[in-house]
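Here's the structure, in structure tokens; my notes come after.
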Amino acid sequence: MYNRTQVINKIRQNPLQLEALLFGISGWLEDPKDETMKIWKREFEFIKAKFSISDLIFRPKFLRLRPPNFPTIRLSQLADLYKHQNLFSKIMEAENADQLYHIFRSIKASEYWDSHFNFGNISKVQPKILSKDFIDLLILNTVLPLKYAYHRYHREEIADEIIELYKSIAAEKNTIITGWKKLGLDITNALESQSLIYHHKTNCETKNCLACGIGFKLLKQE
1 MYNRTQVINK IRQNPLQLEA LLFGISGWLE DPKDETMKIW KREFEFIKAK FSISDLIFRP
61 KFLRLRPPNF PTIRLSQLAD LYKHQNLFSK IMEAENADQL YHIFRSIKAS EYWDSHFNFG
121 NISKVQPKIL SKDFIDLLIL NTVLPLKYAY HRYHREEIAD EIIELYKSIA AEKNTIITGW
181 KKLGLDITNA LESQSLIYHH KTNCETKNCL ACGIGFKLLK QE
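Under the numbering used here, think of the first position of the sequence shown as 1, with each following residue one higher.
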């Protein structure tokens, strides 16, 4: 019996089967709503029989997500990402943000999703590519921590390179950063925004004001 990683590696160059596998184990192909879904279901049944895999269903959530972030779209984009040969090596060898952006800019959901956000419901035609903001989040929260963890035992200078990469990426846009900006801080890059998010989670959320220079100064003034 194959595990799912082995199955994915064997079918990664067949985007139709890869989508069928991802959608099938999500439990979305049980009641096909159109011809494309029927094809995916047929391929999923073939993959299950060929590789003796189970029907494990993990039911991705749609709640409180905007349509471009629906798991249907993200899983299709993931299937497209898997087509990249030597993806891990390309990410590890990237020396600057432009090289990382180049990897992710070409990722898009399959043609079916040009006119859909969910199964069977036709929408305005729009290719589902990765947005610049989403690529930034991928790089900040996944790629750079992975690069650091992989290289830190082999390249002592990797920390400096990672810091420079953080500096070259725009600051995140979220409620935490908005709050800091309202206090008058000029946040220009992801290195600064990441440090402020960390500060907020480790001090502000835990009400650890006495261990925080900012909080201690404010309390002292009061």
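Beta carbons: idealized from backbone N, C-alpha and C, even for Gly.
Which residue's Cα is closest to the Cα of G24: H151, R12, E43 and I11?
-> The residue among H151, R12, E43 and I11 with its C-alpha nearest the C-alpha of G24 is E43.
request  = Enumerate in chain order the residues of its own chain whose CB-to-CB distance from H84 is below 8 Å, with the five nearest sequence positions on each side excluded.
outcome  = For H84, where only same-chain residues beyond five positions count, the Cβ hits under 8 Å are K90 and I103.
Q) Would the region 147 to 162 and the region 173 to 180 be scored as touching if the rule is three or more Cβ pairs under 8 Å? A) With a cut-off of 8 Å, the region 173 to 180 and the region 147 to 162 do not count as touching, because too few Cβ pairs lie within range.
Where N86 sits in the DSSP three-state scheme:
Three-state DSSP puts N86 in coil, outside helix and strand.
Residues sharing a beta bridge with I122, DSSP: DSSP lists H116 as partners of I122.
**Asked** Just to confirm, are D133 and I169 a CB contact at a threshold of 8 Å?
**Response** It is not a contact, given that the beta carbons lie outside the stated cut-off.
*Figure out for me which residue from Q126, A109, K108 and I107 has the closest Cα to the Cα of S115.*
When each option's Cα is compared against that of S115, the closest is Q126.
- Task: Assuming L138 and L165 form a contact by the criterion Cβ under 8 Å, report the distance between their Cβ atoms to the nearest whole angstrom.
- Result: Between L138 and L165 the beta-carbon gap is near 13 Å, outside 8 Å, which marks them as no contact.
Which of helix, strand or coil DSSP assigns to K173:
Three-state result, K173: coil.
query = When the Cβ atoms of the region 37 to 51 are set against those of the region 59 to 70, are three or more pairs found closer than 8 Å?
reply = Judged by Cβ distances under 8 Å, the region 37 to 51 makes no contact with the region 59 to 70, as fewer than three pairs qualify.
Entirely within the region 49 to 107 and at least 3 residues each: give me those beta strand (DSSP E) ranges in chain order. Those beta strand (DSSP E) runs which fall completely within the region 49 to 107 and span 3+ residues do not exist here.
For this session: Quick one: measure Cβ to Cβ for R12 and L21, integer angstroms, because I've assumed they're closer than 8 Å.
Result: About 10 Å separates the beta carbons of R12 and L21, which is beyond the 8 Å limit, so they are not a contact pair.
Tell me whether I158 sits in a helix, a strand or coil according to DSSP, three-state version. Residue state, collapsed to three classes: helix.
If I follow the unbroken alpha helix (DSSP H) through G24, where does it start and stop?
Per DSSP, G24 belongs to the alpha helix (DSSP H) from P15 to I25.
- prompt: Do we get a CB-CB distance below 8 Å when we pair S76 with the residues of chain D?
  reply: Note that chain D does not occur in the displayed structure, where there is just one protein chain.
query = Expressed to the nearest angstrom, what Euclidean distance is found between the alpha-carbon atoms of S76 and A171?
reply = When only Cα atoms are considered, S76 and A171 end up about 27 Å apart.
- [ ] Under the assumption that W40 contacts L56 (Cβ atoms under 8 Å), give the Cβ distance between them as a whole number of angstroms.
- [x] Actually they are not in contact, since the Cβ atoms of W40 and L56 sit about 17 Å apart, beyond 8 Å.
Q. Between A97 and I73, which are expected to be in contact by the criterion C-beta below 8 Å, what is the C-beta distance as a whole number of angstroms?
A. Not confirmed; about 24 Å, so no contact.
* To do: Please report how far the alpha carbon of R155 lies from the alpha carbon of K147, in whole angstroms.
  => Cα to Cα, R155 sits roughly 11 Å from K147.
Alpha-carbon to alpha-carbon, Y112 and E35 = Between E35 and Y112, the C-alpha separation is close to 11 Å.
Q. How many Å lie between L99 and R105 at the Cα?
A. Contrary to the premise, residue 99 reads as Gln rather than Leu in this sequence. In a straight line, the C-alpha of Q99 is about 10 Å away from that of R105.
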